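Working notes, beginning with the structure itself.
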Amino acid sequence: MKPTRFSQYLAAALCAATSFAVAPVFGADPAWPVASNSPPNVYNNFGFPMGFDVSKMDKSANPRQDFRRYTAGKWLDTATIPGDVANLDGIKLVKKQVEPQVAAVLVDAAAAAPTARKGTPVQQVGDFYTAGMDIDRLKALGVKPLQPVWERIAKVDGSKALAEEMARLSLFTNQPVVFGFTVTLGITDPTKYVVAVSDADLALPAAEDYLAPDLTKVREAYVRMITDSLVLAGVPPDQAKARAAKVLEMETRIARKKLTPEQARDFSAAYKTLPYAEVKAMLGNLDLDAYFKVLGLPTGGTVQVTEAAALKERNALLAEYALEDTKAYLQWEVLRRTSPYLTPALAEVQAPLDRALTGQAEAPKREQVVAKAVTRNLGHDLGQLYVARYFSAKSRADAEALLNNVRAEFRQRLEQNTWLTAPTRDYALKKIDKMKIVVGYPDKWIDYSSVDVAPDDYFGDVVRLNDFAACRSLARLGQPPAPDAFSDPENSVPTAVNAGYSPDMNGVEIPAAILQPPFYDPKADAGVNYCTLGAVIGHELTHSLDWMGRTFDANGALRDWWTPADVAAFDQRSKNLIRQADAYEVLPGVHLNGKLSAGENLADIGGLMLGYRALQTHLKANPQDKRRIDGFTPQQRCFLAWSQMWAEKVQPELLRVWAATEPHPPGAYRMVAPASNHPGFYDAFGIRAGDRMWVAPKDRVSMW
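Read in order, the letters of the sequence shown are residues 955 to 1658 in this note's numbering.
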């Protein structure tokens, strides 16, 4: 058995070599298949097409009384949530279509990797996937690759050594461990990189999971998972159980100090820039100078701080708990964060907690787990291979054209706006004009070629990639701004099924993978595409002027450029939005949080409004497209397609978590609520006062 390269990592100089080279577009082997202009195969689910289709409707329902039922009743009756997920909606269905596409890329890359040139996307992706799929080797290794780190933690004997170890662990995992320092663009001045500190995430997704009296079963499942994981790592059962209880005790204290989801979205309040000396005092129970020395960061100057209350509580825990307890917590944290790359037995003990949190019946297959790991660690290499094979130039061009039409509508709406004051309206137009919107993939790819990725060292591959990514971020300090586009593994890499607006970049990214039905169908009519992809794009555009977006200027700097009168007018016009969501019951006794979901609800209303207006403009220029299809006008197909796009089935356990933590409302709400605020919806379906779908004009929300 070949020894792991992990020992080599321990001997290496931290952040010794950092590459900022960028790979050429489509940096794959020339023989790699290139996408044609034909759309990808449409994945059928439960006998229904992926995109908008009248076969999903229940035409026996009355659209004036139950539009959700009318638009997707047959799909809702037939669809069942697969065991390996906790919900089923348009996004999840596209992910289910992308999965086999990515799987094909991974399998082919693994086959080609042995003869591919070292450092190319084919070699890196293929060998990483091969290493992750070698289950027999991972089972044989167990947790041995982690033992040197645990032993090093055990030797910590004071504040300086503890600080040095925590800094090393942040490189080892490329994540904050307890808390973490990194280098990022300044939130008030995005032309400069700054040192930033944030509290680490907790294992449970919501503070309520630690604090709510009715969630003791979740906490019990969490303690069992920690205990079983520690036992697998060689800790005696009684000791493991005691450690697990201590972890829950510590994290419960942190959960009480964490920002709420609403607070976290208020950047002006959540982020502070403090002198280094003040941050050093805040974390006074740790030798911060030693921490910075390991990372190669300069002491002094200023630090961008978020989660200050949680950081202060972390500091208090360092003093109140014995050093042995802190070291045990560090050992658990590094095990938790690296467990996906160790023996699969660790995933098995995680499964009961996942079921308690989400209701998901089955654990994901090994191929899915490793595919996610490739995305997380080599997102741009995988993205190059995926785009070359599955994303055509025509799809990109068509999406860009539609996008520009929707942006033109937004600009026109702003020009005609009557409730914003002239200075705010004029700057809003400047912000829209300066906004960068990119489709599919980045112009420059992250180049991982300097990292040794081997087919027989899964854990070592991840450690080296973590070190590369962490050091690459740290090395940016003092450099000109060069943010990585399409780089968020969860939300914006080319294989992500998502679209997003980044206020700190004043930009919208639309990954390649989402440009498939039901979000975009090259064969669909204008009524469908303008109120699916067009509305999604409009949704992201309007985020630039919502509660969070309006606090950033055209350059992405956190700055208050609205007048008090504009803020007051905005808040007044949004009151009905919050009331509507607060009244919606997602589960018996569990309501939407109107303030938490306000930004997404407003963006849905604005996006559908802009998509509809862009459709109307299109129909004026193309009267031949006014014809009825399947008996429906383009305007009717607009609202039907929007509603079908958000049709969803979801496990109640996940709904409970979403109600507390997720700013996006559930599909059942999105299917109907945005349309109910749109006057065109009432005209399209003849909805009148007294109908269940009727919302009085005085109660409707109209912002853009």
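Cβ coordinates follow ideal geometry from the N, Cα and C atoms, glycine included.
The structure displayed is predicted, hence computed values, not measured ones.
If only uninterrupted alpha helix (DSSP H) runs of at least 4 residues are considered, those enclosed by the segment 1091-1116 are 1101-1108. Around the beta carbon of P1130, 16 or more other beta carbons lie within 10 angstroms, which makes this residue buried. For T1256, the closest C-alpha among the options S1293, V1151, P1518 is that of V1151.
The alpha-carbon separation between K1266 and G1238 amounts to approximately 9 Å. A direct Cα-to-Cα measurement between P1620 and L1158 gives close to 21 Å.
Contact between the segment 1550-1567 and the segment 1489-1498 is present: 3 or more CB-CB pairs across the two stretches fall below 8 Å.
With 16 or more other CB atoms across the displayed protein chains lying within 10 angstroms of its CB, A1264 is buried.
E1274 counts as exposed, since fewer than 16 other beta carbons sit within 10 angstroms of its beta carbon. Here DSSP, grouped into helix, strand and coil, assigns P1465 to strand. Relative to P1435, the option among V1177, D1279, L1139 whose CA is nearest is L1139.
Spanning the alpha carbons of V1407 and F1082 requires a straight line of approximately 6 Å. The beta carbons of A1480 and H1572 sit closer together than 8 Å.
Assigned with DSSP and collapsed to three states, N1547 falls in coil, not helix or strand. With the rule of 3 Cβ pairs closer than 8 Å, the segment 1635-1649 counts as touching the segment 1582-1593. The Cβ atoms of A1057 and T1615 do not sit closer than 8 Å to each other.
Around the CB of R1582, fewer than 16 other CB atoms lie within 10 Å, so the residue is classed as exposed.
For N1041, the three-state secondary structure derived from DSSP is strand. Boundaries of the alpha helix (DSSP H) harbouring I1180: 1170-1186, taken from the DSSP string. Apart from the 5 residues on each side of it in sequence, G1096 sits with its Cβ closer than 6 Å to the Cβ of T1297 in its chain, given in chain order.
Between the beta-carbon of P1448 and that of Y1402 there is about 15 Å, and that puts the pair past the 8 Å contact cut.
Going by beta carbons, T1292 and L1042 fall outside the 8 Å limit. In this structure, D1507 is the residue among D1507, F1126, N1547 with its C-alpha nearest to the C-alpha of D1143. Each of Y1623, R1197, Q1470, V1189 was checked against the Cα of I1559, and the nearest Cα belongs to Y1623. Annotation for P1633: the continuous alpha helix (DSSP H) segment containing it runs 1633-1639. The way I'd put it, the segment 1381-1397 does touch the segment 1351-1362; three or more beta-carbon pairs between them come closer than 8 Å.
Scanning the segment 1192-1239 for uninterrupted beta strand (DSSP E) segments of 3 residues or longer gives 1225-1229, listed from N- to C-terminal end. Rounded to whole angstroms, the gap between the alpha carbons of L1186 and A1085 is 21 Å. Annotation for S1349: no beta strand (DSSP E) segment contains it, though the alpha helix (DSSP H) segment containing it runs 1347-1369.
K1226 and V1521 have their alpha carbons spaced roughly 22 Å apart.
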